[in-house]
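One structure below.
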Amino acid sequence: MNCRDIQDLIALYVEGDLPAAEVPRVESHLQACSACQALAQDIQDTVRSLRSLREEPIPEDWLQRFGQAMQKIREGEVKPPSPSRFLKTPAWLSAPSVRWALGLAALLIALGVLTRLPEWRSMLPSPRPPEETKTAPVVRVEEENSPYLYRHGPSPRVLQSPRIAGRVTDPQGRPLKGATITILDVTQKVLARVVSGKDGTFAWVPRPGQVASILEVKAQGFATRYLYLDHETSEAKEVLIALNIAPSPARRPQDSELTATAIDSGVEGGVPAGVPGGKPEGIPGGAPAAPAYAETAIGYSRNYGIAPEAWQKTLSEADEFLVVAVESPTLQGEPPVESRQAQLRAVDDRGQEVGVFPLKHTEVTAEISGYLASTRVEQVYTNPFRDVIEAVYVFPLPTTAAVHDFVMKVGGRKVVGVVRPREEAERIYREARARGYTASLLTQERPNVFTQQVANIEPGGEVRVEITYFETLRYEDGWYEYVFPMVVGPRYIPGRPQPPTDPSREPGGGFSPPTDRVPDADRVTPPVVPPGQRSGHDIDITVDLEAGLPIQELDIPSHRVDVEDRGASRRVIRLKPADRVPNRDFVLRWKVAGQALQFGVLTHRDREDGFFTLLLQPPAHPSDDQVMPREITFILDISGSMSGVPIETSKKVVQATLDRMRPSDLFNIVVFANGDGQLWERPRPATPENIAEARAYLQSLQGSGGTEMLAGLRRALRSYHDPRYLQMYVFLTDGYIGNEVEILRTIRTEGGDARFFAFGIGSSVNRYLIEGIGEFGRGRSMIVLPRDGRSLDRAVTEFLKAIDAPVLVDIELQWKGVTVSEVYPERVPDLFAGQTLTVIGRYPSAATGSLLVRGRLGKQVVEYEIPVRFPARQAEHRALAPVWARMKIHDLMKRLTEATEEEERHRLTTDITDLGVKYKLVTPFTAFVAVDESRIVGDGRPVRIFQPVELPQDVDYKGIFGEKPVGRPMHVPAWGVDLVMDSKGQVRVARVEPQGALARAGIRPGAVLVLVERTRVVDLVHLEGLLLQVPRGTVRVTFTPGGTVTLPTP
Amino acid sequence: MTGSTPDQVGMPSSDPSLPKLGDGPQESFESLMVQWQDRVIRLCRYFLGYGEDALDAAQEVFIRLYRSLPSVDPGRPLGPWLYRVTVNVCRTHASRRRRYLRLKSILWLKSADPPSWNPVEAAAEQADERKIMKAALQALTPNERIAVVLRDIEGLSTAEVAQTMGTSETTVRSHISRARVKIREYRSRYLRRPS
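Chains as they are written, first to last, in the numbering used here: chain A, 114 to 1163; chain B, 23 to 217.
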């Protein structure tokens, strides 16, 4: 019997499914054949792996859907099924299925399927009539959109909670005057009593520290109504019921020490929502509060016609009881209660939830003249807290922005920032911070990622930081383009985490710790606002565009804007108020009349230095069918950040490209996420059959997992290539990685003669990487905005045009009649059809002459001349000096990326530092610092708050941070604790091990983990990152309640 | 094959772990639902994929259960009946929509690189393996999938699988054997280990 025949039998044998008669045959073969042994092992692993599918969670909306279906069934059927007893389950805290059960109970109650609560069956005669037969009044509750403020630190305190207002009516909608509304907090303490007025309305303004939780509404002639204000979900929560009821196997409680635990449907950990900083003393596990809870439960039970005696009896026998708040469409035949509750956080004018974070607003004002742009970015930081804070914000700017001016405004004072070598600037900033001065520091983490730190913002205070940068704009295929990036996308960090060994190093505060491959990962991964929420930061952009020539077309594909026409060549563009969420690039494109590049040559010269820039646009390249056949390898990013819209866009780009390729071209597809793979072992010609196969393959791709781009690139480079073809690699990615330099260096060192192209796919791609791939790979980069269909067509057309026409190579610049120096880029890159190149340099003295551009286009030599005039004095275009320095730095940085010799690296670093200081520019090695020494604001130990950033538009939170970041407990063995994140991102203690470090420190379940080393924790993902950023040993962690405790680093 | 009428409730089973209807009529629909919803939804998903179809089918199964409750024989285990109804309902849904076999997701390759850090990577690794397995299931024929899901995921014996599917044990064994070999191939293709 050969191996092939026995394979089927082995598959049965491994799990004991083989009929006994066949077993000896298989066993004897297995003894002799090692290949089949391996196969058997493999099948066994496969079955084991299949079993893991048992843990699949059921979808969240299942019960709701089912309930709806059941309701329909019930409409046609009268007979109710027998009552349930599922509320018995005791381990409710840890078992998600039981939370489902509770949800189900609620739902079935709401639908009338479940008519009573079974544990009480013995106590309640059935069916029991309602305790009170009067109808209850209708109560409508609304909150004012005032933010909910609280103080951090060892003694947390509510500073402000939302105003409660509402209206009481009878079921017919007539106002009820004189109804008494008793407002209680979560411990049942009466906070206030108010009486409804003539129109049935009432209002209550909480004093600092007061948080309303329950409203008891009494109106003459009506039943008493109880309302539970749920701060967690802001959904209509009216029904509050009860219970159970599970004697703890571990101990019999004394009546005097009943454990009361309240949950509502959204909160885990037994903590009533609504009290930031955790539960009031005594709940849960606190004897004193238990009776109060019992009483409330009795009150709620009245809403359901459940007798109070039942409660009391049950309670005296119970170890725990649950208070379950659920939604109910109907309650004893009343109209639905419309209630909007007080929320823990403010909402913005469009009703989106807004967190309380320091950065309130960014105001962007740009002036464009021809292809030079000057942009002022003003960031407004406030401090709504009672402690002095330090705000840290990681934000993007264009890759070649020359960040030149920096001003800090505190109160009425203006402090102009200075550029210093980075280490010195950081030292100045830290010293100022330690002395309690307001100070700010602007550093560059990547060419397009910057960090703004603002220390010692006083409570209630405001600090404004104004940054000005210059840039030359892209001009390609007849269009100018201005881009303002708004958000640093969540980057994947490869490598192993490396906790810092240097205790003086400050944590960068990102969600990723440093790794061996990305040592500054913590500085480029700002925490992300949890889904469905907003950071409270908005942005406004005004662009004053002077095109120089009549504007023919204007296109703003990314945002809704108002455009003001100020003559043929001038427009003022403003963001519409509805489009102020900083979650994607602002893109402005325009086309001017006429072919000529009016702004071809720009100059600036003061007394000593002259600077010029010019746009080099080669003559139209004829499309050439004779070009050498190409082999194109698509390299697709299918990581989690690409899941959903971006990856679908990538597929469209590849398909559109394939459809327009020549059948003589070869192609292949390589994909990468955590791992990597490829379509075919060898590239195949672009025939209809192969394209169809590729299309089917593309269809199957979905985004998930990490972004091991280097592995994907290496696979592409090492897979089989036909040497008779021109090699081209085409990336499709959002570029959300932290190891850009590794990729760019690899392209340069291992890419050989191949050309590399990149399609940046997404609303806010990492343009440094995308543009870098084209630049380092002698190719081109294109950006595709998923929501702009034209950008897709345009990008594909640009790409095909670039590869279909011959490339202008070996470009030389010869200056005639003029002297120039330090012209950048030093190595003139090859130019594709439609592409232009910005050249920038210095000139010592006035002169008139020309620039001769010579290059090779296929077999042809191309030559053309541009007249240039360098004036002795030119006051305009002041930006040219810093822009020139920035371009020189860009060139040096490119060399630094490739440099391996320590000596050369050191020299380049020194050169860049000197340029930065001389021309007042932020570089990787120079930073802006500003200190207001007029006042001492704090004690030098501000609480650090990292501004969380929005998730870029069309990026899927789940794709990056996992399916259920909320509610997934994180066990920290070193502390003896389970931590859980609630939907607001707060990290709560869910369970404390009796002998653990946290228990010994007196921290109890329900406490919120607020600070790590005086740094505010944004959410659980952020906490994990932070803990890996502090040096090993001990870490100081602040809980509310509980205060600051010193714990071992996990 | 139509095996979903209440009079077929209570097929004999040797598996004592299969739940019984319990002490009589007071055992409620809700408790049955809580006990079984995970398994039923899971089954439906493996048969019908992850779309709406699966949830619709699961819903139909429970509605059938609800309607059959009065005639359920409480002395016999519910499992075989419910599995059988589920399989039937899924088959009906599948024939209604031909496209359900579409290969949905693919290509989750394990990296040969050392595991790298990311707050969600650890979970994602496992999720990737699951994704591969799920995709592999979708690559089987309907009968192979039903057989292997019942046997290897739900843990029924081959005899019980045969009863649930209304076919012979020999047929079931050949389904299971072919399914395991296919899944194993699929898995080794997409789940590369460090060499």
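Ideal Cβ placement from N, Cα and C applies to all residues, glycine included.
Residue i touches chain A at which residues, Cβ-Cβ below 8 Å?
{"i": "D174/B", "result": "E128, V160, L163, R164"}
{"i": "F69/B", "result": "Neighbours of F69/B on chain A: none; closest Cβ ~13 Å, over 8 Å."}
{"i": "T180/B", "result": "D130"}
Do we get a CB-CB distance below 7 Å when we pair residue i with the residues of chain B?
{"i": "L1009/A", "result": "no"}
{"i": "Q611/A", "result": "no"}
{"i": "I760/A", "result": "no"}
{"i": "E232/A", "result": "With a pLDDT of only 27 at E232/A, under 50, the local geometry of the prediction cannot be trusted, and the value read off the model is given with reservation. No, because no Cβ of chain B sits closer than 7 Å to the Cβ of E232/A."}
{"i": "F179/A", "result": "yes"}
{"i": "A552/A", "result": "no"}
{"i": "V1148/A", "result": "no"}
{"i": "R138/A", "result": "no"}
{"i": "Q120/A", "result": "yes"}
{"i": "D633/A", "result": "no"}
{"i": "L125/A", "result": "yes"}
Roughly how many angstroms lie between the CA atoms of residue i and residue j, to the nearest whole one?
{"i": "Q1066/A", "j": "I1073/A", "result": "13 Å"}
{"i": "S934/A", "j": "A515/A", "result": "20 Å"}
{"i": "E1014/A", "j": "R1008/A", "result": "11 Å"}
{"i": "R1101/A", "j": "H1084/A", "result": "12 Å"}
{"i": "D1069/A", "j": "D500/A", "result": "35 Å"}
{"i": "A1087/A", "j": "D635/A", "result": "23 Å"}
{"i": "A1110/A", "j": "E1126/A", "result": "17 Å"}
{"i": "T585/A", "j": "A486/A", "result": "6 Å"}
{"i": "P172/A", "j": "I63/B", "result": "9 Å"}
{"i": "I156/A", "j": "R195/B", "result": "15 Å"}
{"i": "C116/A", "j": "F747/A", "result": "39 Å"}
{"i": "A799/A", "j": "R955/A", "result": "48 Å"}
{"i": "S625/A", "j": "R718/A", "result": "46 Å"}
{"i": "P534/A", "j": "R1054/A", "result": "25 Å"}
{"i": "S147/A", "j": "L162/B", "result": "28 Å"}
What are the start and end residues of the alpha helix (DSSP H) that includes residue i?
{"i": "P1021/A", "result": "The question names Pro, yet the displayed sequence has Leu at residue 1021/A. Its alpha helix (DSSP H) spans residues 1015-1031."}
{"i": "P137/A", "result": "136-145"}
{"i": "Y506/A", "result": "Careful: Y506/A lies outside any alpha helix (DSSP H), inside the beta strand (DSSP E) at 502-509."}
{"i": "K1071/A", "result": "1070-1074"}
Check the Cβ-Cβ distances between residue i and every residue of chain A, and say whether any is below 7 Å.
{"i": "Y122/B", "result": "Residue placement at Y122/B cannot be trusted, given a pLDDT of 27 that sits under 50; what the coordinates show is reported in the next sentence. By this cut-off, Y122/B is not an interface position."}
{"i": "Q160/B", "result": "no"}
{"i": "D75/B", "result": "no"}
{"i": "Q185/B", "result": "no"}
{"i": "A199/B", "result": "The identity of residue 199/B in the sequence shown is Ser, whereas the question assumes Ala. Yes, because at least one Cβ of chain A sits closer than 7 Å to the Cβ of S199/B."}
{"i": "R195/B", "result": "yes"}
{"i": "R206/B", "result": "yes"}
{"i": "R209/B", "result": "yes"}
From the DSSP output, in three-state form, read off residue i for me.
{"i": "L162/B", "result": "coil"}
{"i": "V933/A", "result": "coil"}
{"i": "Q456/A", "result": "Caution applies to Q456/A, whose pLDDT of 23 falls short of 50 and renders its modelled position unreliable; the value that the coordinates give is listed next. Here Q456/A sits in coil by DSSP."}
{"i": "Y542/A", "result": "helix"}
{"i": "K704/A", "result": "strand"}
{"i": "R164/A", "result": "helix"}
{"i": "H517/A", "result": "strand"}
{"i": "I171/A", "result": "coil"}
{"i": "E666/A", "result": "strand"}
Output, in chain order, the set of chain B residues within a Cβ distance shorter than 7 Å of residue i.
{"i": "I171/A", "result": "Q59, D60, I63"}
At what residues does the beta strand (DSSP E) containing residue i begin and finish?
{"i": "E978/A", "result": "973-983"}
In chain A, what lies closer than 7 Å to residue i by C-beta?
{"i": "R202/B", "result": "A124, I156, T159, V160"}
For the ligand NAP, is there any heavy atom lying closer than 6 Å to the beta carbon of residue i?
{"i": "D906/A", "result": "No copy of the ligand NAP appears in this structure; indeed no ligand is present at all."}
Residue i touches chain A at which residues, Cβ-Cβ below 9 Å?
{"i": "R152/B", "result": "S162, S165, L166, E168, E169"}
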